[in-house]
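Working notes, beginning with the structure itself.
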Amino acid sequence: MATSTKILALAVLAVLPLLMNASTCIGPQVTSNVYTTSEASMSISTVFVVEVAVKCNNGEKDLLLFADVNGHMVPATQSGTGKFQVSWSDEHKKLPAGTYGVRFFDEEGYNAVRKEKRSGTDGSAVTPIFTVNVKHSGTWTGPYVQTEFVATCVALLVWYMAYRSKSFLMS
Amino acid sequence: MASRKQKLTKEEELLLQDFSRNVSTKSSALFYGNSLIVSAIPLWLFWRIHQMDPYQSGILFAIMTAISTYLVSYAYRNVKFVLKHKVAVKREEAVTREVMKKVADDKKMSKKEKDERILWKKNEVADYEATTFSIFYNNALYLVLIILASFYVLRSLNPNVNYVLSVASASGLLALFSTSTK
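The listed protein sequences correspond, in order, to chains G and X. This note's numbering numbers the first residue of the first sequence as 1 and each following residue consecutively. This note's numbering numbers the first residue of the second sequence as 1001 and each following residue consecutively.
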């Protein structure tokens, strides 16, 4: 009885992978569109938005993608067939100018990264299915000197010149 | 006894004009025209920078511009009157030299006529210089006061209140300072 139970369990384990629908993209062709915050004066945090259109050579359409964003795994939202979007935000000083590599994983990769992280590593050894490089040129914080200050200084200078001329005439 | 109306001499007329605060029609038109333009400058400032709607605040703009126009032209008149005499003293030598150079060869002209001509030219030069300098000085002061009031002193107030108070205070202070004789 115990032997037959063991044989049944082994059979189920052998068949189980065949029943799972693990979708993998082979040879992905990726086109990406990236947006990053450019002006800090009108916003309180820097936002990154990455849109990718993925075409797999094996014709896989039912993809589930995850992105590694600054060490955090976030699911990519599907915005259309083969189109995904990932976005994140943080304070301006925590996202300075530079190039940010965003690694995209399928389900398998995601699980592998999680396993690596649980074992104490950062998961960088896991190969992503593709990587998108996000170039952020930094945020503009506004002019060094406010325009009304410049206008005030110019107006005061002109008035001072007029005052000096008047004082000379009145002397 | 019937009083005889005596015709004023040219010299007496010039003296009366000199010591009077009244300005000629031409000067008056010049003053009001300039003061209207200067008083209209804050309209652009408050419309584009402080985001006031020109249609909603149209009546307010019209009233304050009219008040400011009157006060600024009042300041122009006062400063011109004070400056005119000082300018006349400063320019007297140069004007005398120039007029004498022109009439030196005219033997028919008496000394009295020459003196009258010098006085008239001196008055004209002093009038013109005092008018233009008064406009320049008052415009510069008005713009400084408007900028300081609207961008620094009253910046936290509602734009309508900011506009009324900054225009009123700038034109009011300008009129007040113009009454100084120094």
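Yeah, the Cβ is synthetic: ideal placement off N, Cα and C, and Gly gets one too. Everything numeric in this text was worked out from a predicted model, so none of it was measured.
Taking the beta carbon of K1101(X) as the centre, do at least 16 other beta carbons fall within 10 Å, making it buried, or is it exposed? Under this definition K1101(X) is an exposed residue.
Measuring only the C-alpha atoms, how far is Y195(G) from A1149(X)? Residue coverage of chain G in this structure runs from 1 to 171, which leaves residue 195(G) outside it and unanswerable.
Secondary structure at E51(G), three-state DSSP: helix, strand or coil? strand
Give the DSSP-derived three-state secondary structure of H72(G) in the structure shown. strand
Go through its chain and collect everything with a Cβ distance to K83(G)'s Cβ below 6 Å, but skip five positions before and after it. A53
Contact list for the region 1132–1155 of chain X against chain G, Cβ threshold 8 Å: F1133, F1136, Y1137, A1140, L1141, L1143, V1144, I1147, L1148, F1151 and Y1152
When you compare each of N1078(X), L1143(X) and Y1152(X) to A155(G) by their alpha carbons, which one comes out closest? L1143(X)
Can you tell which of R1155(X), Y1032(X) and T1179(X) has the C-alpha that lies nearest to the C-alpha of H1050(X)? R1155(X)
I need the straight-line Cα distance from P79(G) to T24(G), nearest angstrom please. Checking the displayed sequence, the identity of residue 79(G) turns out to be Ser instead of Pro. Cα-Cα distance, rounded: 19 Å.
Straight-line gap, T141(G) to A97(G) (C-alpha atoms, nearest Å): 13 Å
W88(G): first and last residue of the uninterrupted beta strand (DSSP E) it sits in: K83 to D90
CB contact flag (V1087(X), V1038(X), <8 Å): no
Spatial distance of S167(G) from V1099(X) (CA atoms): Here the alpha carbon of S167(G) sits roughly 28 Å from the alpha carbon of V1099(X).
Quick one: is I129(G) buried, meaning 16 or more other Cβ sit within 10 Å of its Cβ, or exposed? buried
Test: W1083(X) CB closer than 8 Å to a CB of chain G: According to the sequence shown, residue 1083(X) is Leu rather than Trp. For L1083(X), the answer is yes, since a Cβ of chain G falls inside 8 Å of its Cβ.
Would you mind stating whether N1160(X) and S1028(X) have Cβ atoms separated by less than 8 Å? Result no, Cβ atoms of N1160(X) and S1028(X) do not sit closer than 8 Å.
Is R1091(X) near A1126(X), with beta carbons less than 8 Å apart? A Cβ-Cβ contact shorter than 8 Å links R1091(X) with A1126(X).
Would you be able to state if there are at least three C-beta pairs under 8 Å between the region 92–106 of chain G and the region 65–76 of chain G? yes
Can you name the residues of chain G whose CB is closer than 8 Å to the CB of L1167(X)? In the sequence as presented, Leu is not what sits at residue 1167(X); that position holds Val. Within 8 Å Cβ-Cβ: nothing; V1167(X) doesn't reach chain G, min ~16 Å.
Closer than 7 Å, Cβ to any Cβ of chain B: which residues of the region 1065–1091 of chain X, in chain order? No chain B is present in this structure, whose protein chains are G and X.
Within 10 angstroms of its Cβ, does R1004(X) collect 16 or more other Cβ (buried), or is it exposed? Because the pLDDT at R1004(X) is just 48, under 50, the model does not fix this residue reliably, and the value given afterwards should be weighed accordingly. Exposed: under 16 other Cβ atoms inside 10 Å.
State buried or exposed for Y1076(X), treating a residue as buried only when at least 16 other CB atoms are found within 10 Å of its CB. buried
Does V1089(X) pass the burial test, meaning 16 or more other C-beta atoms within 10 Å, or should it be called exposed? exposed
Excluding sequence positions up to five away, which residues of its chain have a Cβ less than 7 Å from the Cβ of S1134(X)? Y1076, V1079, K1080 and L1083
In terms of residues, what are the limits of the alpha helix (DSSP H) holding G1172(X)? P1159 to S1178
Chain-order list of residues whose beta-carbon lies under 7 Å from that of A1002(X) (same chain, five-residue window excluded): For A1002(X), the predicted structure reports a pLDDT of 44, less than 50, and the residue's modelled location is therefore unreliable. A value from the coordinates is still provided. The answer is none, since no qualifying residue turns up.
Rounded to whole angstroms, what is the Cα-Cα separation between R164(G) and I1146(X)? 21 Å
Contact set between the region 115–133 of chain G and chain X, restricted to residues whose Cβ is under 9 Å from the partner: none
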